[in-house]
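Note that the sequence shown covers residues 89 to 157 in my numbering.
From the three backbone atoms N, C-alpha and C, an ideal C-beta is built for every residue, glycine too.
Reviewing the structure listed below.
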Amino acid sequence: MTNVFYMELNDLDHELERSAEILRVLAHPVRLQIVHQLVRKQTLNVTELQQILKLPQSTVSQHLQNEKS
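Below, the structure is given as structure tokens:
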């Protein structure tokens, strides 16, 4: 097999790992709610998200940090 084939497999592996990481982050119900609200409203700050989700500000911030990374 050629080096190009191995490079394509390596790229695919990297893409699949990244996709799995994104899905893992979104699998948490609170994080999924945050994404849902951001899709609906376009922009929300932490305080607005906290009020919508009825969660402590620190919890919302922690989940946003997980989504960011």
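Coarse secondary structure for Asn133, derived from DSSP in three states: Reduced to three states, the DSSP call for Asn133 is coil.
May I ask you to report which of helix, strand or coil DSSP gives Lys142? coil
Decide if Leu97 is buried, meaning its Cβ has at least 16 other Cβ atoms within 10 Å, or exposed. Residue environment for Leu97: exposed (fewer than 16 other C-beta atoms within 10 angstroms of its C-beta).
Excluding the 5 residues flanking Ser72 on each side, which residues of the same chain have their C-beta closer than 6 Å to its C-beta? The chain is shown only over 89 to 157; residue 72 falls outside these bounds and no answer can be derived.
Grouping DSSP H, G and I as helix and E and B as strand, with all else coil, what is Ala108? Three-state result, Ala108: helix.
By Cβ distance, which residues of its chain are closer than 8 Å to Gln145, with the 5 residues on each side in sequence left out? Val134, Thr135 and Gln138
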